[in-house]
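Participant: Here it is: the structure, laid out below.
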Amino acid sequence: KRELPRLRANLYCFTVPKELRDFRLWGKLTYGDLIKAKLDHSELVCAWHQAIDEQFSLAGFTQVEEQFADHILQSEGIILVLGPKDPPVEYLTNLQALVSSTSNSNVGEVLDRDLVDQDWTPELVDAKRDIAGFLRKQLAVNNTLVVQGPPGTGKTHMIAELCAKYLEEGASVLVTALTNRALLEVAGKPALEPWLTRKKVYKSNLTLDEKRVLPSLEALHGPGPMPGHLILATFFVASGYARELAGEAPYDLVVVDEASQALLGMLAAAKALGQQNVWVGDVRQLPPVVETDRDKVERTGAAAFVDGLRALTASCAYPVYQLTHSHRLPPRAARYTGMFYQDSLRSAKAGDELLDFAGMDPAFANWFHPEGGPTLLQVPMDPADAR
9 KRELPRLRAN LYCFTVPKEL RDFRLWGKLT YGDLIKAKLD HSELVCAWHQ
59 AIDEQFSLAG FTQVEEQFAD HILQSEGIIL VLGPKDPPVE YLTNLQALVS
109 STSNSNVGEV LDRDLVDQDW TPELVDAKRD IAGFLRKQLA VNNTLVVQGP
159 PGTGKTHMIA ELCAKYLEEG ASVLVTALTN RALLEVAGKP ALEPWLTRKK
209 VYKSNLTLDE KRVLPSLEAL HGPGPMPGHL ILATFFVASG YARELAGEAP
259 YDLVVVDEAS QALLGMLAAA KALGQQNVWV GDVRQLPPVV ETDRDKVERT
309 GAAAFVDGLR ALTASCAYPV YQLTHSHRLP PRAARYTGMF YQDSLRSAKA
359 GDELLDFAGM DPAFANWFHP EGGPTLLQVP MDPADAR
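Numbering (the working numbering), first residue to last: 9 to 395.
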């Protein structure tokens, strides 16, 4: 009897050819050997399991890709092999191949820049403005823009509205992000509903759970552009397509969401993919997560390669615009948060709107300010612990 997967564990699941479906005959085959022989695969999450008797157990999984589910339904006598979810080695391999190539001038435009920090101030974009329309006009002048979006300033809404303007013109559009969740949020915005309804929005690695949320979302089977269609793809999928390109960028527009989580090589990949680029993120929030110690990254001069958006923004490589009104933060919270943005952040909420902590234990509720924002708590501390 084998152990069941841990609940909420992220797993890699795949099927194998007929000759490998009897695990008793695997002999000295390694997990890597089985992966090389796989027929199809999907990442998934263990949601539940229960024992039927001493020999058999049932297990349920979520986040199964639609294509993999169809493969299972159409196959007979298969077994499912479960293993640990691999680190993003292929994504990094894609970027390594991309930055090593000298055949794509669009990639060189990003990587060959002299990334020296300068004093920079973004141009503020008021929420009362047609922001998507404004960016559309600016892209006619500069083919690459950076949009800085502090917390709650409507970055995702803005992305959807900009995509809609291009789709109305019959353009091919790609939105790429680090996470599938970010892509799904873009697809669910009202501005894109007409294209969802007409089956013109495609997503890479579409799961059954995502299909239940947005039934009209189509599964992407190839990353190539389609006029008047929106493609949603993770950094991993988009970088794999970009590494194969040598000539003209295939997409009319590429939008990089979560751009502050993009390595410099991924932004170079976006340039290889799109004739026009909009990179949306926030350099004041968390940079890309890497295992290498931050001090070591800076000592070796690799900081720009890790924190790509910050490096390009600080060097004034491209025009930078900043959204100014937060729809999430109340005025007091926006005022304090705005200290990180040269006091340029405002709240779109009414000034007399107070937060309600009625459902919270009064002992804790008293710690929070009814107008939002930070609270300073003075805690007595033994001098021996103050370090």
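By construction, the Cβ of each residue, glycine as well, lies at the ideal position given by its N, Cα and C atoms. Just so we're clear, the structure is a prediction, and the values are computed from it rather than from any experiment.
Pull up the CB-CB distance for Pro-159 and Arg-336, whole angstroms please, since I reckon it's below 8 Å.
Facilitator: At roughly 6 Å, the Cβ-Cβ gap stays under 8 Å, so Pro-159 and Arg-336 are in contact.
Participant: In whole angstroms, what separates the C-alpha of Ser-50 from that of Glu-218?
Facilitator: Each residue's alpha carbon lies about 14 Å from the other.
Participant: Please report the distance separating the alpha-carbon of Gly-232 from that of Pro-258.
Facilitator: C-alpha separation (whole angstroms): 8 Å.
Participant: When burial is assigned at 16 or more other CB atoms within 10 Å of the CB, is Thr-345 buried or exposed?
Facilitator: Looking at its Cβ environment, which holds 16 or more other Cβ atoms inside 10 Å, Thr-345 is buried.
Participant: Rounded to a whole number of angstroms, what is the C-alpha to C-alpha distance between Val-72 and Glu-252?
Facilitator: Cα to Cα, Val-72 sits roughly 28 Å from Glu-252.
Participant: Among Tyr-174, Ala-190, Asn-114, Leu-204, which has the Cα closest to the Cα of Gly-141?
Facilitator: Here the closest residue by C-alpha is Tyr-174.
Participant: Looking at Leu-225 and Leu-214, is the spacing between their C-beta atoms short of 9 Å?
Facilitator: Yes. Within cutoff.
Participant: How is the beta strand (DSSP E) around Ala-168 delimited, first residue to last?
Facilitator: Looking at the DSSP string, Ala-168 is not in any beta strand (DSSP E); the run it does join, the alpha helix (DSSP H), is 163–176.
Participant: Output yes or no for whether 9 Å exceeds the beta carbon distance between Ser-323 and Gln-126.
Facilitator: Yes; because the gap between Cβ atoms is below 9 Å, this pair is in contact.
Participant: Measuring alpha carbon to alpha carbon, tell me which of Gly-316, Asp-260, Asn-114 ends up nearest Leu-294.
Facilitator: Among Gly-316, Asp-260, Asn-114, the Cα nearest to that of Leu-294 belongs to Gly-316.
Participant: Pick from Pro-391, Ala-392, Glu-379, Trp-375: whose alpha carbon is nearest that of Leu-385?
Facilitator: Minimum Cα distance to Leu-385 is reached at Trp-375.
Participant: Could you tell me which residues DSSP puts in a beta bridge with Ile-86?
Facilitator: None, per the DSSP bridge assignment.
Participant: Between Gly-289 and Leu-320, what straight-line distance do the alpha-carbon atoms span, to the nearest angstrom?
Facilitator: Their Cα atoms are separated by approximately 12 Å.
Participant: Name the one or two DSSP bridge partners that His-49 has.
Facilitator: DSSP lists Phe-22 as partners of His-49.
Participant: Alpha carbon to alpha carbon, how far is Tyr-326 from Thr-70?
Facilitator: Those two C-alpha atoms are separated by around 41 Å.
Participant: Rank Phe-243, Gln-146, His-237, Leu-66 by C-alpha distance to the C-alpha of Pro-202 and give the top, closest one.
Facilitator: The candidate whose alpha carbon is nearest that of Pro-202 is His-237.
Participant: Kindly indicate which three-state DSSP category Val-264 falls into: helix, strand or coil?
Facilitator: Strand at Val-264.
Participant: Per DSSP, which one or two residues make a beta bridge with Phe-69?
Facilitator: In the DSSP output, where bridge partners are listed per residue, Phe-69 has Cys-54.
Participant: Leaving out five residues before and five after Ala-17 in sequence, what residues of the same chain have Cβ atoms less than 8 Å from its Cβ?
Facilitator: Excluding positions up to five away in sequence, the list reads Val-53, Cys-54.
Participant: Can you grab the Cα-Cα spacing for the pair Val-245 / Gly-282, in whole Å?
Facilitator: One C-alpha to the other measures close to 15 Å.
Participant: Is it the case that the Cβ atoms of Ile-239 and Lys-211 are separated by a distance below 9 Å?
Facilitator: Against a cut-off of 9 Å, the Cβ pair of Lys-211 and Ile-239 comes out as a contact.
Participant: Leu-191 and Ala-172: beta carbons closer than 9 Å?
Facilitator: Taking 9 Å as the Cβ cut-off, Leu-191 and Ala-172 do not qualify as a contacting pair.
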